[in-house]
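*Asks:* As you go down the protein sequences, you meet chains P and U in turn. If you read the first sequence in the working numbering, its first letter stands for residue 38, the second for the next number, and so on. If you read the second sequence in the working numbering, its first letter stands for residue 38, the second for the next number, and so on. For glycine and all other residues, C-beta sits at the position ideal for the given N, C-alpha and C.
2 protein chains.
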Amino acid sequence: MRIAQIAPLTEAIPPKLYGGTERVISWLTEALVDLGHDVTLFASGDSHTSAKLESAWPRALRLDGAVRDANALHLTMLEQVRRRARDFDILHFHLDYYPFSLFMRQATPFVTTLHGRLDLPEHQHLFATFAAAPIVSISNAQRLPVPDAGWVRTIHHGLPERSLMPQPTKPTYFAFLGRISPEKAVDDAIRIAQRCGVPLKLAAKVDNVDREYFETTIRPLLRPPAVEYIGEISDGQKSDFLSGAACLLAPSAWPEPFGLVMIEAMACGCPVIAYKRGAALEIIEEGVTGFVVDDEAGAVAAVGRLAALSRRAIRKRFEARFTARRMAEDYLAVYRELIDAALGTFDAQRVSAAGKARRAKPTVVEP
Amino acid sequence: MRIAQIAPLTEAIPPKLYGGTERVISWLTEALVDLGHDVTLFASGDSHTSAKLESAWPRALRLDGAVRDANALHLTMLEQVRRRARDFDILHFHLDYYPFSLFMRQATPFVTTLHGRLDLPEHQHLFATFAAAPIVSISNAQRLPVPDAGWVRTIHHGLPERSLMPQPTKPTYFAFLGRISPEKAVDDAIRIAQRCGVPLKLAAKVDNVDREYFETTIRPLLRPPAVEYIGEISDGQKSDFLSGAACLLAPSAWPEPFGLVMIEAMACGCPVIAYKRGAALEIIEEGVTGFVVDDEAGAVAAVGRLAALSRRAIRKRFEARFTARRMAEDYLAVYRELIDAALGTFDAQRVSAAGKARRAKPTVVEP
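#1: In this structure, does DSSP put Ala88 of chain U in helix, strand or coil?
#2: Output, in sequence order along the chain, the residues in the region 71–91 of chain U whose CB is closer than 7 Å to any CB in chain P.
#3: Helix, strand or coil for Tyr250 of chain U per DSSP?
#4: Please confirm if Pro404 of chain U has its CB atom under 8 Å from at least one CB of chain P.
#5: What does the Cβ neighbour count give for Glu159 of chain P, buried or exposed, with the cut at 16 atoms within 10 Å?
#6: Against chain P, with Cβ distances strictly below 8 Å, would Leu112 of chain U count as a contact?
#7: Indicate the three-state DSSP secondary structure (helix, strand or coil) for His194 of chain P in the structure shown.
#8: Can you name the residues that DSSP bridges to Ala80 of chain U?
#9: Let me know the beta strand (DSSP E) ranges lying completely inside the region 99–143 of chain P, each 3 residues or longer, listed in chain order.
#10: Looking at C-alpha atoms only, which residue of U:Thr145, U:Val173, U:Gln179 is the closest neighbour of Leu157 of chain U?
#11: Sort out for me which residues DSSP pairs Ser280 of chain P with in a bridge.
#12: Around the Cβ of Asp133 of chain P, are there at least 16 other Cβ atoms within 10 angstroms (buried) or fewer (exposed)?
#13: Can you round the beta-carbon distance between Phe251 of chain P and Ile217 of chain P to whole angstroms, since I take them to be within the 8 Å contact cut?
#14: Does Ala68 of chain U come within less than 8 Å of chain P when only Cβ atoms are used?
#15: Taking the alpha-carbon positions, what's the Glu319 of chain P to Leu279 of chain P distance?
#16: Quick one: grab the DSSP three-state call for Thr209 of chain U.
#17: Going by alpha carbons, who is nearest to Leu90 of chain P out of P:Gly296, P:Leu285, P:Glu67?
#18: Taking only beta-carbon atoms, is Tyr210 of chain P less than 8 Å away from chain U?
#19: Skipping 5 residues on each side, what residues in its chain have a beta carbon closer than 6 Å to that of Ser92 of chain U?
#20: Can you list, in chain order, the residues of its chain whose CB lies under 6 Å from that of Tyr372 of chain P, leaving out five sequence neighbours each side?
#21: Check this for me: beta carbons of Val235 of chain P and Ala283 of chain P, under 8 Å apart or not?
#22: Between Glu323 of chain U and the rest of its own chain, which residues show a CB-CB distance below 7 Å, the 5 nearest in sequence each way excluded?
#23: Tell me, please, which residues DSSP counts as bridged to Arg347 of chain P.
#24: Within 10 Å of its beta-carbon, does Ser271 of chain U have 16 or more other beta-carbons around it, so buried, or fewer, so exposed?
#25: So what does DSSP say about Thr58 of chain P, is it helix, strand or coil?
#26: Tell whether a beta-carbon distance below 8 Å holds between Leu155 of chain P and Thr113 of chain U.
#27: Keeping to the same chain, check which residues put their C-beta closer than 7 Å to that of Leu139 of chain P; ignore five residues upstream and five downstream.
#28: Please decide whether Phe147 of chain U counts as near chain P, where near means a Cβ-Cβ distance under 8 Å.
#29: So for Asp416 of chain U, helix, strand or coil by DSSP?
#30: For a cutoff of 8 Å on Cβ pairs, would you count Glu159 of chain P as touching chain U?
#31: Give the straight-line distance between the Cα atoms of Pro197 of chain P and Leu110 of chain U, rounded to the nearest whole angstrom.
#32: Applying the 10 Å Cβ sphere with the 16-neighbour rule, what's the burial state of Asp331 of chain P?
#33: Could you check what DSSP says for Gly268 of chain U in three-state terms: helix, strand or coil?
#34: Counting only beta-carbon atoms, is Phe167 of chain P nearer than 8 Å to chain U?
#35: When you check each C-beta in the region 163–193 of chain U against every C-beta of chain P, which residues fall closer than 8 Å?
#36: Give me, in chain order, the residues of the same chain whose beta-carbon lies closer than 8 Å to that of Val189 of chain P; leave out the 5 immediate sequence neighbours on both sides.
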């Protein structure tokens with residue numbers, strides 16, 4: 038299949054720094070190439086990929102200080118994709134709603150994965166207007182604010198199967214992994230660990246916008262080694278970090294549409310205790326790969342049940358549910374459905390041109 | 038003529054506060070209605086217009102604290118315009134490059150007025166890709182960074198003819214009007230007035246981003262009444278303010294693509310002394326409506342030649358060159374050219390469909 042992946046230019050693919058969306062695009066692209074497909078990746082020129090790279094700008098924009106108007110480059114890239122649309126069987130966008138108007142009016146099937154939250158007031162108006170644009174959710178929870186948008190399937194993210202592996206370490210602490218920011222509720226994690234009398238290690242970045250929050254709210258709570266901040270860790274350090282953790286605490290204060298950190302933990306056999314928000318109920322299998330709880334007290338109670346879980350079983354569930362190959366196969370199924378539907382449309386258009394009945398299809402809007 | 042004006046949703050049309058682009062769109066729309074055309078204005082619902090208002094969002098976004106993603110609403114509005122494109126003879130956009138891809142691929146002629154500066158590195162790439170999109174410059178100077186873009190004409194802005202009028206006042210001071218920010222070089226204006234021994238009145242807003250600049254750089258230079266800051270003034274106060282000024286000082290430190298304040302001064306018979314940057318040489322007629330100078334010393338020398346200018350003649354030049362009606366008539370000429378060219382294209386397409394030669398036209402790109 039001739040597949041175009043169209044990525045944001047904000048970060049390289051994969052990203053040089055933090056960037057969940059860009060990591061997922063990289064994993065998906067590599068898995069599709071591994072499965073034998075002819076993949077072209079539209080992305081910044083400093084990306085690294087086994088696919089054909091179509092550079093829409095030499096450098097990732099977050100690191101290119103000269104660029105002030107990212108939209109100018111994203112809309113220029115969409116034009117470049119539009120001109121080459123006929124070279125592909127399917128166009129897969131990761132650019133929010135930007136492609137909708139332009140690609141609803143051409144023949145190559147397209148799909149957009151929405152990577153963010155959708156609960157702003159403008160989203161209602163947006164998705165009511167673009168109900169015909171086919172979109173993939175990264176969790177069912179993500180759909181809740183806009184249930185009537187053009188959802189075609191939920192496809193959970195996946196990691197390369199052997200990128201993170203359980204290590205032979207005795208788990209001795211609780212882990213927190215990700216960003217330190219109010220919506221990640223690190224302070225809840227700290228209190229949970231303290232109530233359980235278990236050391237907590239925080240492997241997290243602090244963005245500039247969250248620097249003050251870190252200094253005023255989180256730093257005063259640090260008590261090494263009981264509550265220890267170890268800074269940001271690389272992908273290469275994650276297997277050790279998560280294998281050494283008795284559980285990952287994910288007490289998110291906002292409805293995260295996915296939560297890569299939860300499947301990274303599972304890849305290392307590490308159970309997850311998460312608050313009942315966003316995608317947690319879909320990702321965690323209660324009593325198998327972790328526990329989904331209502332609050333701090335629920336989390337403390339769940340810690341008492343951790344011993345009943347098998348780290349080997351958790352890794353097996355990761356392999357069954359959250360690999361990049363499974364993600365790629367799910368996307369291929371969607372691509373095939375959209376390609377079949379588009380063929381149907383154009384057959385119907387030919388029939389219509391011959392003066393017979395016409396079938397409406399949602400993915401192609403007449404000019 | 039059935040004309041659609043498509044405005045940014047950032048401010049109402051006309052704007053409740055500062056907003057040069059939105060004021061120009063309002064003046065143009067009203068002038069087109071006055072000339073008997075059937076005009077539809079796509080804008081925020083709190084706009085006021087004699088045209089038909091198509092509200093794409095109830096409130097101007099700058100005042101709507103709930104909206105975080107203005108692009109979602111601008112791209113939704115473009116889709117709404119696209120669906121109604123056949124209802125119009127011409128679509129006139131004021132949304133930068135946003136409409137290019139979508140409207141190059143449909144039959145109704147369209148044009149975009151670019152209201153901003155075009156000298157960022159991403160603009161080269163953008164306009165090279167969209168060289169076929171027809172655009173209007175607001176000065177010839179604005180074109181310099183991207184000479185090969187799809188320019189169809191320069192149309193200078195215009196004001197409603199009687200919105201500002203000379204008042205019977207004796208001019209006693211120099212005026213500065215606009216925003217206080219580094220690129221407007223208020224400090225130069227202050228030094229010029231002081232070297233001439235003439236009082237300077239600053240009628241200007243201070244944006245939040247420029248508050249520190251104002252406090253640290255400009256406020257220490259204020260010496261009322263010799264150098265007096267009178268705050269932001271309304272349109273209703275401008276006739277008095279500019280009629281009482283011996284000249285307007287416009288020592289801009291950046292290449293402004295137009296400079297409404299210069300024609301506001303002329304409307305009141307007030308001469309302008311401006312630095313040789315951006316559109317100044319096109320707007321000011323040397324020795325008639327003002328002087329274009331290289332620097333502070335040049336400005337001081339020009340003050341000595343102000344007595345040779347006739348305020349009545351300046352007002353006459355305003356009436357001849359910078360009214361909203363003249364602006365509207367210039368746009369109507371562009372609309373007619375684009376409509377004629379589009380008719381040519383579709384004649385050519387019919388010819389082509391019949392198996393004969395095909396003519397390429399820049400404004401419609403084949404799918």
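*Replies:* Inspection of the coordinates gives the following:
#1: coil
#2: none
#3: helix
#4: Note on Pro404 of chain U: pLDDT 44, under 50, position unreliable in the model; the coordinate value appears next. Yes, Pro404 of chain U counts as interfacial toward chain P.
#5: Buried, because 16 or more other Cβ atoms sit within 10 Å of the Cβ of Glu159 of chain P.
#6: Taking Cβ atoms only, chain P reaches closer than 8 Å to Leu112 of chain U, which makes this a yes.
#7: coil
#8: U:Ser92
#9: 127–130
#10: U:Gln179
#11: Its beta-bridge partners do not exist; DSSP assigns none.
#12: buried
#13: 5 Å
#14: Interface criterion not met: the Cβ of Ala68 of chain U is under 8 Å from no Cβ in chain P.
#15: 21 Å
#16: coil
#17: P:Glu67
#18: no
#19: Gly82
#20: Short of 6 Å from the beta carbon of Tyr372 of chain P, and not among the five residues preceding or following it, lie these beta carbons of its own chain, in chain order: Ile127.
#21: yes
#22: Val329
#23: First, the amino acid is wrong: residue 347 of chain P is Ser here, not Arg. Ser347 of chain P pairs with nothing; no bridge assigned.
#24: exposed
#25: helix
#26: no
#27: Leu115, Arg119
#28: no
#29: Outside the displayed span of chain U (38 to 404) sits residue 416 of chain U, for which this structure offers no information.
#30: yes
#31: 37 Å
#32: Counting of Cβ neighbours within 10 angstroms places Asp331 of chain P among the exposed residues, the total staying below 16.
#33: In the structure shown, Gly268 of chain U falls within a strand segment according to DSSP collapsed to helix, strand and coil.
#34: yes
#35: Leu163, Thr166, Phe167
#36: Val148, Pro171, Ile172, Val173, Val371, Glu374, Leu375
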